[in-house]
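Following: one structure in C-alpha cells, then a few remarks.
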Amino acid sequence: MIQHLSSSTRPERVVILGGSGFVGSWLQEGLRRLEIDCLPLSSAQIDLTVPAAVGFLQERLRPVDALVFCSALTPDKGRDSTTLMKNLCMGHHVASAVEESPCRHVIYISSDAVYEESPNPVHDDTAPAPSSLYALMHLTREKMLTAALSKVGVPLLILRPCAIYGSGDTHNSYGPNRFLRSAREDRRIALFGDGEERRHHLFIRDLVAVIVECLQRRSQGIGIIAGSEAITFGDLARSISRLVQPVPRIESLPRQGGVITHRHYDLTAYLKAFPNLPLTRLEDGLRQTLANMAQ
Amino acid sequence: MIGFAGLSHLGIVYSIATAARGLQVLGYDPRSALCGNLDQGRFPVLEPGLPETFAKHRERLSFTADAKELSRCAVVFLSLDVPTDAQNRSDLGPLSQLIGEVLGCLRPGAVMVILCQVPPGFTRALGRRLAPKPEAAGVSLFYQVETLVFGNAIERALNPERYIVGCADPGEPLPSAYQQWLAAFGCPVLPMRYESAELTKIAINLFLVSSVTTTNTIAELAERIGAEWSEIVPALRLDRRIGSHAYLAPGLGLAGGNLERDLVTFRRLADECGSDAGVITAWMVNSAYRRDWALRCLHKEVLAEQPNANLAIWGLAYKAHTHSTRNSPALGLIESLPHLEKRAYDPQVRLAELPPGLAQADSALEACEGAHALAILTPWPQFRQIDLAAVRHRMAGRAVIDPFGVRDSAECATFGLRHFRLGSASGHHLSES
Chain A
77 MIQHLSSSTR
87 PERVVILGGS
97 GFVGSWLQEG
107 LRRLEIDCLP
117 LSSAQIDLTV
127 PAAVGFLQER
137 LRPVDALVFC
147 SALTPDKGRD
157 STTLMKNLCM
167 GHHVASAVEE
177 SPCRHVIYIS
187 SDAVYEESPN
197 PVHDDTAPAP
207 SSLYALMHLT
217 REKMLTAALS
227 KVGVPLLILR
237 PCAIYGSGDT
247 HNSYGPNRFL
257 RSAREDRRIA
267 LFGDGEERRH
277 HLFIRDLVAV
287 IVECLQRRSQ
297 GIGIIAGSEA
307 ITFGDLARSI
317 SRLVQPVPRI
327 ESLPRQGGVI
337 THRHYDLTAY
347 LKAFPNLPLT
357 RLEDGLRQTL
367 ANMAQ
Chain B
16 MIGFAGLSHL
26 GIVYSIATAA
36 RGLQVLGYDP
46 RSALCGNLDQ
56 GRFPVLEPGL
66 PETFAKHRER
76 LSFTADAKEL
86 SRCAVVFLSL
96 DVPTDAQNRS
106 DLGPLSQLIG
116 EVLGCLRPGA
126 VMVILCQVPP
136 GFTRALGRRL
146 APKPEAAGVS
156 LFYQVETLVF
166 GNAIERALNP
176 ERYIVGCADP
186 GEPLPSAYQQ
196 WLAAFGCPVL
206 PMRYESAELT
216 KIAINLFLVS
226 SVTTTNTIAE
236 LAERIGAEWS
246 EIVPALRLDR
256 RIGSHAYLAP
266 GLGLAGGNLE
276 RDLVTFRRLA
286 DECGSDAGVI
296 TAWMVNSAYR
306 RDWALRCLHK
316 EVLAEQPNAN
326 LAIWGLAYKA
336 HTHSTRNSPA
346 LGLIESLPHL
356 EKRAYDPQVR
366 LAELPPGLAQ
376 ADSALEACEG
386 AHALAILTPW
396 PQFRQIDLAA
406 VRHRMAGRAV
416 IDPFGVRDSA
426 ECATFGLRHF
436 RLGSASGHHL
446 SES
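Protein chains in written order, with my numbering: chain A, 77 to 371; chain B, 16 to 448.
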C-alpha cells in the first residue's frame, strides 16, 4: 500500500541510478518537463557492482536529494547465480551508501516478477513468492533497502511494475515492444501458439507519471503498477496490426512450454493512491509508441 | 420483570420485543439522556416497525439510569453492543464494566444472560472469575446467541427461529424465570455448553459469509463471461442443499462490522490452536476486493474517458433501513475520489462533516444535476420509484452504477442509460454496442 507523506513538495534534486536505461531516460525527461533538477548516473559513471560505488555515491548524495534506483542486470544479461550475485552487490552498495549518507527519499523500481505466476488477481498485499533468480534478486534488494533505510528513517517506496512498453526500450522481450518492432521492420508478428496468455502492459509514460508524483508527494510503501487491463498476446498483436501500415502478418510459432498462464492485477490500490492519474489505454499507448519510433 | 442492561441497538430491540410478548420490561443504561429519549419514544436507531411496536406496548416498558432498579428483575440480559477497533477486534472493557455495575444490584437467585458478542471461552472464564464474589452468590449465568440483522431486527426478535442457550452445564434444567421468558416466544430452545453456544454464534456468521463470498465470486465471473447471476439464482434456491433462504444476492463485501469481528475472532482462535483457517483469510481478502467494485467500475466505464466527471450518489448508509454508515460502500467510494465533484442524497443520513468535494443534496433528483455518472450504493426502496426520464434529463452522462440492481437494466436502457450491476454483463455489453 502506498502512503503519501506530503501533499506536494518538489525534491531539490533527483539522483537516478540507471539514468541512461529505459526507465531512467524517460524519467529524466519527465523531471525536466517539471524543471526538477536531476543527476542521472549510468553504469558508465558508476559501477554499482563494485565496493567503490559506496564511496562514489556517498560523495554525490545530498540530504535534500531523492534517489530513484532503477538499475539492474536484466535476465537477457544472464539468468544464473553470477548475475544474481552482481545484482545483489548493487543493491547492497546502494543500501550501504544511503545508510551512511541519508537522503530525503528513495524509490526502488522493483518488478512484478516477485509474485508467483498462478494466483489471480494479484493484490498489493499478495505475498511475494519469487520463482526465478531475477525475481529473488528484486525481493532481496527490497528487503536490503527496507532494512537499511528504516535504520536511518528515510522513506522508501517500492514500485513493482509489470512489463513496460514504450520507445527506447533496449530489451526485446515478448510483448508490445517486440511486436511493434517486428510489425514495422519485418511486417510480421510472431506469437507463441495463438498468444492466448493474458497480461497487463504498462506504458512507460504512466510509470514515469507515477514516479514523478511519488517524488513530489514523498510517497512510501509498496505498490503494483500495471496497465489498466489484461489482454491476450493475440489481441495485442491484432491491435498493433490495426495501427501499422502495411498490415503485418500474424504468425503462430510452436509454444514453448505446455501450460498457458494468465496474470491479472487488482488495481484498486492504484486507483485509490493515484485517483488523478488515469492509466493510458493500451491502444493510445501503442499509437504514441509507434509515433515515437517513427521519429 | 425482565431487565436489559445496555440499551444498544440490540438492547432496545429486545426490550420492546419482550414487552410485545406480554412481559414487564426494565431497560437500564447509565446514559440518562438516552433513557429519557427512549421513555418518550425517541430512538437512536432506525428499524422498521420499532416505533409502532413501542407505541403498542408502551405500558410494559420503563427505562432507568439507576442500576439498583435491576434488583426488581428476575432475569437481566446484558445487551451492550461490544465495540470493535479498526481491525475488527472486540473491546470487552465496556462489557466487563457493565457486568461489574449490574452484578452488585442483582437479587439473590437472579439470572444473568449475556446477549453480547463475546469470544468463545468468555462466559466460562467469567463464571470462574465471579464464583468467589459474594455479590454473585446465587446468580446463575448464561450466554444466549443473538444475531441481530439491522433493518429486520424487530421482526426477527418477535419471531425468532430458535434460541441457543449457553449453560455451565447443559444437563441442568434452566431456571424457571428464564424458561418463562424463552417460552413467551414459542420457538425451539437449544441448550448447550457455553463454548458451543459461543462458537454457534460465530458458526452462523461464518456460514453466511461463505454464502456471501461464494455468491460474489460467481457473480464476478458472470459479469466477465456474459452470464446473468439473476438467472442462476432460482436454480440454486430450488436445490435443497442450498435452500430457498440462502444468501444469494451479490454485494460489496462484508459491512457493518459484526461478521468481520467473527472472522477475526475465529482466525485468532485457529491461530492459537493451530487449526487451519486459510479459508477465513480468503474470505477477508475477497470482501476487501469486492468492496471497491463500484470504484473499479467507475474508473473503467467513466473516468478512463472523462477523468474529471461529476458524480451523483444515491445512498450513504451501509444498507437500507439503517442510518449506520460504518463500512459504508458510498463513503468508501467518496474517500477514494477526493478530486471529483460529488453530490450525494440519502433519505436518512446527514453527514456532520463532508469529505472533500462532496455536497449533500435534498433529493435524489437534485443529486443528479449535471452528473456524468450515478452510483446507487444503498438499496433504499424509494430509489426504485424515481422517474428515470427525469434522472436522464438532469444528468450530463449516461452511466448508472447500481451494484445491488435497484433499477432494472432494460428500463435504464430505454432511457439511454448504461446500467452496471453486480453479477450482470448487461452494462458492459451496452457499452460495447
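Idealized CB from N, CA, C, for every residue including glycine. All values derive from a computational prediction rather than experimental measurement.
- Between the C-alpha atoms of A:L81 and A:L232 there is a straight-line separation of about 11 angstroms.
- For the stretch 321-350 of chain A, the residues whose beta carbon sits under 7 angstroms from a beta carbon of chain B are, in order, D342, T344, L347 and K348.
- For B:W329, the enclosing beta strand (DSSP E) starts and ends at L326 to W329.
- The three-state secondary structure of A:D141, taken from DSSP, is strand.
- A:F132 is positioned such that its CB atom lies no closer than 7 angstroms to that of A:L93.
- Against chain A, the beta carbon of B:P371 has no neighbour under 9 angstroms; the closest one sits roughly 11 angstroms away.
- Each of B:N342, B:A386, B:W329 and B:S351 was checked against the Cα of B:R399, and the nearest Cα belongs to B:W329.
- Per DSSP, reduced to three states, the secondary structure at A:R86 is coil, with no helix or strand assignment.
- For B:S302, the number of other beta carbons within 10 angstroms of its own is at least 16, and it is reported as buried.
- Around the CB of B:Q397, fewer than 16 other CB atoms lie within 10 Å, so the residue is classed as exposed.
- A contact between stretches requires three or more CB pairs, one per stretch, nearer than 8 angstroms, and the stretch 303-321 of chain B fails this requirement with the stretch 420-427 of chain B.
- V300, A303 and Y304: these are the residues of the stretch 289-305 of chain B whose beta carbon lies less than 9 angstroms from some beta carbon of chain A, given in chain order.
- Bounds of any alpha helix (DSSP H) do not take in B:K315, whose DSSP letter is neither H nor E.
- Annotated three-state conformation of B:E235 is helix, per DSSP.
- Residue state for B:A250 is assigned as helix, using DSSP reduced to three classes.
- Between B:V406 and B:R433, the beta carbon gap of about 13 angstroms keeps them out of contact (Cβ cut-off 8 angstroms).
- Contact check for B:T393 and B:L331: beta-carbon distance about 7 angstroms, within the 8 angstroms limit, so the pair qualifies.
- Using a CB distance below 9 angstroms, no part of the stretch 150-180 of chain A faces chain B.
- By the beta-carbon neighbour count (other beta carbons within 10 angstroms, threshold 16), A:E273 is buried.
- Within the stretch 143-180 of chain A, not a single complete beta strand (DSSP E) segment reaches 3 residues in length.
- Burial state of B:G26 is buried, judged by a 10 Å Cβ sphere holding 16 or more other Cβ atoms.
- Under DSSP, B:T79 shares a beta bridge with B:Y43.
- Pairing B:Y43 with B:L95, the inter-Cα distance amounts to about 10 angstroms.
- The DSSP-derived three-state label of B:P353 is coil.
- The stretch 249-266 of chain A makes contact with the stretch 326-344 of chain A, as at least three CB pairs between them are under 8 angstroms.
- Per DSSP, the beta bridge partners of A:Y241 are A:F279.
- In this structure the stretch 258-267 of chain B lies against the stretch 217-236 of chain B, because at least three pairs of beta carbons, one per stretch, are closer than 8 angstroms.
- DSSP places A:Y341 within a strand segment (E or B) once states are collapsed to three.
- For B:A319, the C-beta contacts it makes with chain A under 9 angstroms involve S304, P354, L355 and R357, in order along the chain.
- Inclusion of B:A20 and B:L93 in the CB contact set at 7 angstroms is warranted, their separation being smaller than that value.
- For B:H314, a Cβ of chain A is located within less than 7 angstroms of the residue's own Cβ.
- Close partners of B:S351 in chain A (Cβ separation under 9 angstroms): T344, L347, K348 and P351.
- Listed as beta-bridge partners of A:E327 by DSSP are A:A266.
- Using a CB distance cut-off of 7 angstroms, B:D307 counts as an interface residue toward chain A.
- Take B:Q159, set aside five residues on each side of it, and the residues of its chain with a beta-carbon closer than 8 angstroms to its own are F92, V128, I129, L130, Y178, I179, V180, G181 and A212, in chain order.
- If you draw a 10 Å sphere on the C-beta of B:H72, you find 16 or more other C-beta atoms in it, and that means buried.
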